[in-house]
Structures are given as structure tokens and as C-alpha cells.
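> Got a structure for you, questions after.
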Amino acid sequence: MTEATATTSALERLSGLGVSIWLDDLSRRRIESGNLAGLVENQHVVGVTTNPSIFQAAIGSGEGYEEQLAGLAVRGVTVDEAVRMMTTADVRAAADVLRPVHEATGGRDGWVSIEVDPRLAHDTRATAAEARQLAWLVDRPNVMIKIPATRAGLPAITEAVGAGISVNVTLIFSLERYREVTDAYLAGLEKARAAGLDLSAIHSVASFFVSRVDSEIDKRLTLLGTTEALALKGRAALANARLAYAAYEEVFGAVDASTRPGERFAPLADAGANPQRPLWASTGVKDPAYKDTLYVDELVAPGTVNTMPEATLRATADHGAVTGDTVTGGYEQARADLTAVERLGISYDEVVRQLEDEGVAKFETAWQDLLNAVTKSLNDKGVDAE
655 MTEATATTSA
665 LERLSGLGVS
675 IWLDDLSRRR
685 IESGNLAGLV
695 ENQHVVGVTT
705 NPSIFQAAIG
715 SGEGYEEQLA
725 GLAVRGVTVD
735 EAVRMMTTAD
745 VRAAADVLRP
755 VHEATGGRDG
765 WVSIEVDPRL
775 AHDTRATAAE
785 ARQLAWLVDR
795 PNVMIKIPAT
805 RAGLPAITEA
815 VGAGISVNVT
825 LIFSLERYRE
835 VTDAYLAGLE
845 KARAAGLDLS
855 AIHSVASFFV
865 SRVDSEIDKR
875 LTLLGTTEAL
885 ALKGRAALAN
895 ARLAYAAYEE
905 VFGAVDASTR
915 PGERFAPLAD
925 AGANPQRPLW
935 ASTGVKDPAY
945 KDTLYVDELV
955 APGTVNTMPE
965 ATLRATADHG
975 AVTGDTVTGG
985 YEQARADLTA
995 VERLGISYDE
1005 VVRQLEDEGV
1015 AKFETAWQDL
1025 LNAVTKSLND
1035 KGVDAE
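In the numbering used here, the protein residues as written are 655 to 1040.
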């Protein structure tokens, strides 16, 4: 096997098994250097996701943003406007790179996601308004607006979808919240249908976070220290994701049509609606004891998206063990694993609630760090950024 063949074979198999490979990263340097286009052409990447932490790393470095920052400084814009002008410019450019994929797949892939201001995570009206604004600013048919799956985010998801906006629902940790997210999406489709919108043009993914679940539960298992507890390390996150996929099949039906869509989605599907695909997020392993492709190899299922940091993408290309569906046959074991964790006194509900709160807080911190960095850049150019 040649080096080139080895590099692409695992990713090609993954794609062939119905998993869409999206890159969890974006920067102006990545776009302008041709790196993103190269990943699309050679590494089966068919989408891009961003978040406040990604933009903080990209724009905070300053690389590639000097000219735009200078122009923004001359105009005397606020720091919030400057950040939005830079982030939407990057997403617009990336969407143009992915546009051929979007057209070739009939809208299934080729998406680039941009997140609403994380400071609005608990404000329904402001989140919905920001979703509309971002869709207008980027102005590309293949942009998805990321809305967090907080309690306040749920009705904002419905409003955005009802307005014909494609949505990436982020920061999902619990199975209960995931079901609420699917309900919010269905409610949005029903609103869109009542408004006479083309349902086939609306797409959505539900971003179910993976590695952070293991990080928190493994920490608690390690503190218990018993043989039974230690044997469960590295199993909770996969179990959680597999049961989310089981819930997906109940609502939207199996990809191979072995299970029909649920009663609520069936008439929407007949009207052209697309299922809300599960997206595995946070797929880079946090524990170096685990194989670096764990959350790729063990979450292969048709109709899913796996969004990977570039390190995970490269690792999968190099030595990923992509052998077939590793999800649909594991529901019984997944339930048993989560039950065993609960039996040891580790509260699933407490863990996922903590992870949601921490997830929102981390993105708020990253966004504030980004605002601070841009404020300094604007001030250095002689502008008082307010």
C-alpha cells in the first residue's frame, strides 16, 4: 500500500459507511493557504464547524487579520462589530470553498457553522435575533447557525428553523436534552411548513459532545478506585452517544428504512423535510491512555457527522480502525454501561448538567478573551474600542 493510499483509506471507508467528515477548525490562514481546499479535495472533508474557542485561537494570533483589523480601526467600529466582521468573513470564505460539495450532495454536506454569541445562551429572544443576523451577514446557502441546547436555546431553535434557517444545535450532553432538541427541530419544521417554506432546503445537525463525558465520569470512577469502577472508564461517553443514535432512529427512522420515521416526523418527511443528523463533537481524546481515534472508530453509523480537530483527522487517516457500523448493535450494552455507572453512585443527571454549564462558561470565556485581544489590536492602531 502506498503512503497516499494509506493516508486516505480509513477516511474513505468512514465516508463510504455514511459518516460525513467535518473539520472542527477554521482560520483565515487555513483558507488563504489552500489548506482547507486541500482537505476537501484529498481528505474527504465535507464540512466545517467553528466555535468561540476556535475563533479565539485563530484571531487571537493575529495571523492573516492585520489588513482587516487596520480597516476596522480606521472606521472606529466597536469591538463586537469588529469580531463579527472577521468571523463572518472567514465563514463566508469557507462556505465558498465548500459550496461545490454542498451542490454535489444536494445540500446534505458542504456546511460551515458559526455560533451565536455565547453570552446570549440563556436569552431566547436575543439568540433567535442573532441567528437571523448571522444568517444575513454570511449570506450563503450552506451556512448553519449554531445555537446551544440550553433551556433558553430550545425555543430559539424552533424559531430559527421556522424561519427557514439551517441550524447546528451545539452543547448537547444528555439524552433527555437531545430528545428536547429533536422536538424543537420538529416544531420548527411544522412552523416552516405552515409558512409555506420549502422544507427540503432546511437542514440541521444535533451536536452531541463525547469526550467531555468520559473526562468527567472517568474522574469520578478513578476516585472510587474499585475494580468495578476502573473497568467502566472510557465507556460512558460511547454509551451515551450510542443511545442518542437509538433515539435518533426512533424519531427520524433508520437510514436503511428498517425503522420508519416516528409519527411526528413522517408527514414532514413526506413534505420534503430532512432528518436532523446526529453530529459527534468533542471527538479528540482527552486521556492519553486512550487511542487517539477512539471516538471515531467506535462511533461509526450511517447518517451521522463526525467533526474532528485536524489532529484527530490526521490520526484517523494514518491508523484509524474503521471496520463497519460500531453503533447500532450496541444499544443493550450501552444501557448496561450507564446503569452500572449510576449503580456506583455517580449521578448521570448531575454530570450532564455540570457539563452543559461548563460548556457555556468555557465558550463565554473564550469569546471574552477574543474580545480582549481584538480590543488591544484596535487600540494599538489608535482606536478607542468600546
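For each residue, glycine too, the CB sits at the ideal point set by N, CA and C.
Taking only runs that begin and end inside the segment 795–877, name each unbroken alpha helix (DSSP H) of 4 or more residues, in chain order.
Listed in chain order, they are 807–816 and 829–848.
> Check whether the segment 985–999 and the segment 909–929 touch, using three or more Cβ-Cβ pairs below 8 Å as the test.
Verdict: no, contact absent.
> In whole angstroms, what is the alpha-carbon distance linking aspartate 872 and glycine 978?
C-alpha separation (whole angstroms): 27 Å.
> Thinking threonine 982 and alanine 1015 are a contact (beta carbons under 8 Å), I'd like their distance in whole angstroms, please.
Wrong, their Cβ atoms sit about 34 Å apart, outside the cutoff.
> Alpha carbons only, please: which of Arg779, Pro802 and Arg889 is nearest the one belonging to aspartate 941?
Cα-wise, what sits closest to aspartate 941 is Arg889.
> Measuring alpha carbon to alpha carbon, tell me which residue in Leu953, Ala849 and Trp765 is nearest valine 700.
Answer by Cα proximity: Trp765.
> So the alpha helix (DSSP H) proline 754 belongs to, where does it begin and stop?
Where proline 754 is concerned, the enclosing alpha helix (DSSP H) stretches over 733–758.
> Between the segment 805–819 and the segment 766–783, do at least 3 Cβ pairs fall closer than 8 Å?
Result yes; three or more Cβ-Cβ pairs closer than 8 Å.
> Following the continuous beta strand (DSSP E) through proline 956, name the residue where it begins and the one where it ends.
Premise fails: proline 956 is in no beta strand (DSSP E) and is neither H nor E.
> Compute the Euclidean distance between the alpha carbons of alanine 885 and proline 795, then round it to the nearest angstrom.
If you take the alpha carbons of alanine 885 and proline 795, they lie about 47 Å apart.
> Can you check which of these residues, Glu686, Ala803, Leu825 and Met740, is closest to leucine 788 by C-alpha distance?
Cα-wise, what sits closest to leucine 788 is Met740.
> Measuring straight from C-alpha to C-alpha, what distance separates phenylalanine 709 and glycine 716?
Whole-angstrom Cα-Cα distance: 11 Å.
> Rounded to whole angstroms, what's the CA-CA distance from arginine 914 to threonine 881? Just pull it up for me.
If I take the Cα positions, the gap works out to 42 Å.
> Ordered along the chain, which non-local residues of its own chain (more than five positions away) have a Cβ less than 7 Å from that of valine 909?
Same-chain partners within the cutoff: Gly672, Pro956 and Gly957.
> Could you tell me if serine 1001 is buried or exposed, where buried requires 16 or more neighbouring beta carbons within 10 angstroms of its beta carbon?
By the 10 Å Cβ count, serine 1001 comes out exposed.
> Given 8 Å as the limit, is there contact between the segment 834–850 and the segment 942–950, that is, 3 or more CB pairs closer than that?
Flag = no, the segment 834–850 and the segment 942–950 do not touch.
> Would you kindly work out how many angstroms separate the C-alpha atoms of leucine 723 and asparagine 1026, rounded to a whole number?
Rounded to the nearest angstrom, the two C-alpha atoms are 14 Å apart.
> How about valine 770 and alanine 803: do their beta carbons lie closer than 8 Å?
No, the pair does not count as a contact, with Cβ atoms beyond the cut-off.
> Between the Cα of glycine 816 and the Cα atoms of Phe827, Leu843, Ile826 and Arg866, which residue gives the shortest distance?
Taking only the C-alpha atoms, the option nearest glycine 816 is Leu843.
> In angstroms with no decimal places, state the Cα-to-Cα distance between threonine 980 and glutamate 917.
The alpha-carbon atoms of threonine 980 and glutamate 917 are separated by roughly 27 Å.
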